[in-house]
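Numbering follows this note's numbering, with no gaps: position 91 of the sequence shown is 278.
Where is the CB? At the ideal position from N, CA and C, for every residue including glycine.
It should be emphasised that the depicted structure is a prediction, and the values quoted were computed from it without experimental measurement.
Everything on this sheet refers to the single structure shown next.
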Amino acid sequence: QAIFIDIALFFPGLLAGLIGALNLNFPTAISELSTDAIFVSLLLVLGYCSVSSLFGATPDKLPFISQAVNDRMPTIDMFDDNGRFVPRQFREEDDGDKDKKDDK
């Protein structure tokens with residue numbers, strides 16, 4: 188999750204760099220507010236993850252980030268009986284075949 192949070196925090200900095208490179212002048216209040224919002228968001232995420240970990244819970248309630256992490260994490264059903272990785276499209280077909288057999 189830390190990598191995905193780092194990537195999510197990279198984009199506001201990239202946007203600020205592009206705006207600075209294009210010499211677009213925004214009021215100071217807007218730039219300070221956006222910087223403060225990013226910092227507060229970072230503190231909230233770090234606090235949530237730390238408290239969840241202290242209580243023994245998985246911190247998986249972060250919008251977008253938690254789902255992206257869950258999609259990337261390897262699980263036992265991603266591998267066949269010999270330990271070889273099975274691509275998603277083949278796993279779904281196998282699940283569909285099992286459902287068809289159960290219907291008979």
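Name, in chain order, the residues that DSSP records as bridge partners for PHE266. Walking along the sequence shown from the start, residue 266 turns up at place 79. The beta-bridge partner set that DSSP reports for PHE266 consists of PHE272.
Can you give the Cα-Cα distance for LEU202 and ILE190, rounded to whole angstroms? Locating residue 202 in the sequence shown gives position 15, where the first residue counts as 1. Locating residue 190 in the sequence shown gives position 3, where the first residue counts as 1. The C-alpha of ILE190 is placed about 19 Å away from the C-alpha of LEU202.
Quick one: residues in its chain with C-beta nearer than 6 Å to the C-beta of PRO199, no 5 flanking neighbours on either side, listed in chain order? By 1-based counting over the sequence shown, the position of residue 199 is 12. Taking PRO199 as the centre and dropping the five residues before and after it, the same chain places the C-beta of ILE225 closer than 6 Å to its C-beta, in chain order.
Do LEU249 and VAL232 have their C-beta atoms within less than 8 Å of each other? The residue you call residue 249 lines up with position 62 of the sequence shown. The residue you call residue 232 lines up with position 45 of the sequence shown. It is a contact, given that the beta carbons lie within the stated cut-off.
Determine the DSSP secondary structure at GLN295, reduced to helix, strand or coil. Outside the shown range of the chain, which is 188 to 291, sits residue 295, and nothing can be said about it.
Just to check my reading of the structure: VAL256 and GLN188 have Cβ atoms closer than 8 Å, yes? What is that Cβ distance to the nearest angstrom? Counting from 1 along the sequence shown, the entry for residue 256 is found at position 69. Counting from 1 along the sequence shown, the entry for residue 188 is found at position 1. With a Cβ gap of about 5 Å, VAL256 and GLN188 count as contacting.
When the Cα atoms are used, what is the spatial distance from PHE242 to TYR235? Within the sequence shown, the letter at position 55 stands for residue 242. Within the sequence shown, the letter at position 48 stands for residue 235. Rounded to whole angstroms, PHE242 to TYR235 spans 11 Å at the Cα level.
Assign THR245 to one of three DSSP states: helix, strand, or coil. Position 58 of the sequence shown holds residue 245. Annotated three-state conformation of THR245 is coil, per DSSP.
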